[in-house]
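Engineer: Heads up: the sequence shown is residues 5 to 306, going by the numbering used here. Glycine residues also receive a C-beta, built at the ideal position from the N, C-alpha and C atoms. Values in this document were obtained by computation on a predicted structure and should not be read as measured data.
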Amino acid sequence: MKAFRRFKLDWKKKAAAFRVFNALPGGERLYYLTQRYVTRTLPRNLAEHTRWQVEHALTFRRFFQGDIAAARLFEFGAGVDLHSSLVQWCYGVNDQIVVDISRLARPDLINLAIRHLRENPPPGSQRVPERVLTGALDDALRRHYGIRYLAPADARHTGLENGSVDLVCTTSVLEHIPAVTLAEILRECRRLCSDRSVVSHVVDYTDHYAHSDASINIYNFMRFSEADWTRYNPAIHYQNRLRHCEYGELFKNAGFVPLAETAVQPDDGADLIAAVPLSERFRERTQDQLLPRTGHWVLARR
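1) Could you tell me whether the Cβ atoms of L294 and P270 are closer together than 9 Å?
2) Going by the CB atoms, is the gap between F255 and P171 shorter than 9 Å?
3) Would you call the CB atoms of A304 and V203 closer than 9 Å?
4) When you compare the CB positions of G299 and Y251, do they come within less than 9 Å of one another, or not?
5) From this set, D199, E179 and G167, which residue's C-alpha is nearest F68's C-alpha?
6) Smallest Cα separation from V58: which of S88, R194, L145 and E192?
7) Tell me whether P262 sits in a helix, a strand or coil according to DSSP, three-state version.
8) Could you check what DSSP says for F228 in three-state terms: helix, strand or coil?
9) Would you kindly report the start and end of the unbroken beta strand (DSSP E) that includes V58?
10) Could you check whether the Cβ of R147 sits closer than 9 Å to any Cβ belonging to chain D?
11) Here's a check: name, in chain order, each residue in its chain whose Cβ is nearer than 7 Å to the Cβ of R142, leaving out the five neighbours to either side.
12) Shortest alpha-carbon distance to H205 belongs to which of R33, A109, T63 and N49?
13) Between the alpha carbons of F228 and H215, how many angstroms are there, rounded?
14) Following the continuous alpha helix (DSSP H) through G299, name the residue where it begins and the one where it ends.
15) Nearest to G139 by CA position, among L86, D232, R110 and T290, is which residue?
16) I need the straight-line Cα distance from E284 to D217, nearest angstrom please.
17) Does the region 18-27 come close enough to the region 231-246 to have 3 or more Cβ pairs within less than 8 Å?
18) Going by DSSP, what residue range makes up the alpha helix (DSSP H) through Y35?
19) On the three-state DSSP scale, how would you describe A267?
20) According to DSSP, F80 sits in a beta bridge with which residue or residues?
21) Who are H205's beta bridge partners in DSSP?
22) Report the rounded CA-to-CA distance for V177 versus F80, giving the unit in angstroms.
23) Can you find the residues in the same chain that come closer than 6 Å, C-beta to C-beta, to Y242, ignoring five residues on each side of it along the sequence?
24) When the Cα atoms are used, what is the spatial distance from K16 to N244?
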């Protein structure tokens with residue numbers, strides 16, 4: 005997943021700011037305002053984010069043995085603009101359940117995503133969104149785009165029926181969830197899936213602080229012990245540092261089997277990681293286990 009540096013900031017100062025946001029009442033709101041009006045990392049450059057949404061759609065076309073138009077899609081961690089959900093609607097998904105631990109969706113950013121997709125239709129898509137949202141957000145999303153937005157909601161305990169979901173996708177979400185919590189969410193996903201369901205997860209394994217600080221590389225967080233990393237890892241910007249192989253174990257333990265698996269390594273990965281003095285946790289891994297920067301997992305229920 006390509007890193008971006010629209011706003012450059014020393015990563016330790018950024019971590020300190022995140023700790024402040026994390027401690028303040030209304031910290032998430034303050035963080036949003038900072039992204040929108042200070043760092044200007046919102047609205048997102050949606051052209052940079054469309055690739056993986058298209059990949060999800062192509063994955064579902066390839067592996068799902070049913071009618072996409074009649075399928076129900078489940079996504080957790082959809083973020084502020086629901087771009088992923090809108091792209092899947094463009095590819096013919098009519099029924100989506102989208103949950104988030106916090107109510108992050110912003111109508112103005114969703115409408116920007118709608119306008120972007122109208123002007124830049126995803127390749128091979130079946131339709132483009134014509135209606136911007138007005139009035140009550142939840143009602144408008146469901147009425148115009150078949151998206152049931154549930155937030156705040158706990159993806160570990162959805163309350164949905166067994167086997168009621170056909171498709172599952174996330175993009176750059178899993179790396180922000182603690183391993184123990186993620187294991188619970190994956191078990192819930194398995195419960196929701198039927199034997200024909202298809203799951204598509206894209207995971208960014210890089211140190212996200214490197215996205216806005218060119219003085220460090222994408223493996224920088226591997227230098228820290230668990231105790232030391234806690235200082236730089238507040239909940240509002242949590243990174244679990246799990247590697248590709250560890251996700252494989254989590255999926256297996258949750259009851260999934262891979263239908264397809266991709267791990268992308270940078271061409272200069274060996275040189276980059278050689279510049280980082282690894283903590284004990286990462287010294288125990290082989291270089292091939294450490295180098296992947298992006299993973300795409302396509303899974304089915306075992």
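Structural biologist: Reading off the structure:
1) Counting from 1 along the sequence shown, the entry for residue 294 is found at position 290. Counting from 1 along the sequence shown, the entry for residue 270 is found at position 266. Not in contact: L294 and P270 (Cβ atoms no closer than 9 Å).
2) Residue mapping note: residue 171 aligns to position 167 of the sequence shown, counting from 1. Residue mapping note: residue 255 aligns to position 251 of the sequence shown, counting from 1. It should be pointed out that residue 171 corresponds to Leu in this sequence rather than to Pro. Contact flag unset, no.
3) Residue 304 sits at position 300 when you count from the first residue of the sequence shown. Residue 203 sits at position 199 when you count from the first residue of the sequence shown. Taking 9 Å as the Cβ cut-off, A304 and V203 qualify as a contacting pair.
4) Here residue 299 refers to the residue found at position 295 of the sequence shown. Here residue 251 refers to the residue found at position 247 of the sequence shown. Going by C-beta atoms, G299 is nearer than 9 Å to Y251.
5) Within the sequence shown, residue 68 is the residue found at index 64, counting from 1. Checked all of D199, E179 and G167; the closest Cα to F68 is D199.
6) Stepping through the sequence shown from its first residue, residue 58 is reached at position 54. Comparing Cα-Cα distances from V58 to each of S88, R194, L145 and E192, the minimum goes to S88.
7) Position 258 of the sequence shown holds residue 262. In the structure shown, P262 sits in a strand (DSSP, three-state: E or B).
8) As a position in the sequence shown, residue 228 is number 224, starting the count at 1. Here F228 sits in coil by DSSP.
9) Locating residue 58 in the sequence shown gives position 54, counting from the first residue. If you look at V58, you'll find it isn't in any beta strand (DSSP E); it sits in the alpha helix (DSSP H) that goes L50 to F67.
10) The displayed structure is made up of one protein chain only, and chain D is not part of it.
11) Looking up residue 142 in the sequence shown gives position 138. Contrary to the premise, residue 142 reads as Asp rather than Arg in this sequence. Y153, listed in sequence order.
12) Start at 1 with the first residue of the sequence shown, and residue 205 comes out as number 201. Residue T63 is the option with its Cα nearest to H205.
13) Residue numbering aside, residue 228 sits at position 224 when the sequence shown is read from its first letter. Residue numbering aside, residue 215 sits at position 211 when the sequence shown is read from its first letter. So the two alpha carbons sit approximately 18 Å from each other.
14) Taking the sequence shown and counting its residues from 1, one reaches residue 299 at position 295. Annotation: G299 is outside any alpha helix (DSSP H); the continuous beta strand (DSSP E) that includes it extends over T298 to R305.
15) As a first step, residue 139 must be located in the sequence shown, where it is residue number 135. Of L86, D232, R110 and T290, the residue nearest in Cα terms is R110.
16) Counting from 1 along the sequence shown, the entry for residue 284 is found at position 280. Counting from 1 along the sequence shown, the entry for residue 217 is found at position 213. E284 and D217 have their C-alpha atoms roughly 25 Å apart.
17) At 8 Å Cβ cutoff, the stretches touch.
18) Counting from one through the sequence shown, the residue named residue 35 turns up at place 31. Its alpha helix (DSSP H) spans residues G31 to Y41.
19) For the purposes of this step, residue 267 is identified with residue 263 of the sequence shown, where counting begins at 1. A267 sits in a strand when the DSSP states are folded into three classes.
20) Within the sequence shown, residue 80 is the residue found at index 76, counting from 1. Note: F80 sits in a beta bridge opposite V103.
21) Position 201 of the sequence shown, counting from 1, holds the residue named residue 205. The partner list for H205 (beta bridge, DSSP) reads T174 and W301.
22) To locate residue 177, count along the sequence shown from 1; it is residue 173. To locate residue 80, count along the sequence shown from 1; it is residue 76. Roughly 8 Å separates the two Cα atoms.
23) Here the question's residue 242 lines up with position 238 in the sequence shown. For Y242, where only same-chain residues beyond five positions count, the Cβ hits under 6 Å are H180.
24) The residue given as residue 16 occupies position 12 in the sequence shown. The residue given as residue 244 occupies position 240 in the sequence shown. Cα to Cα, K16 sits roughly 17 Å from N244.
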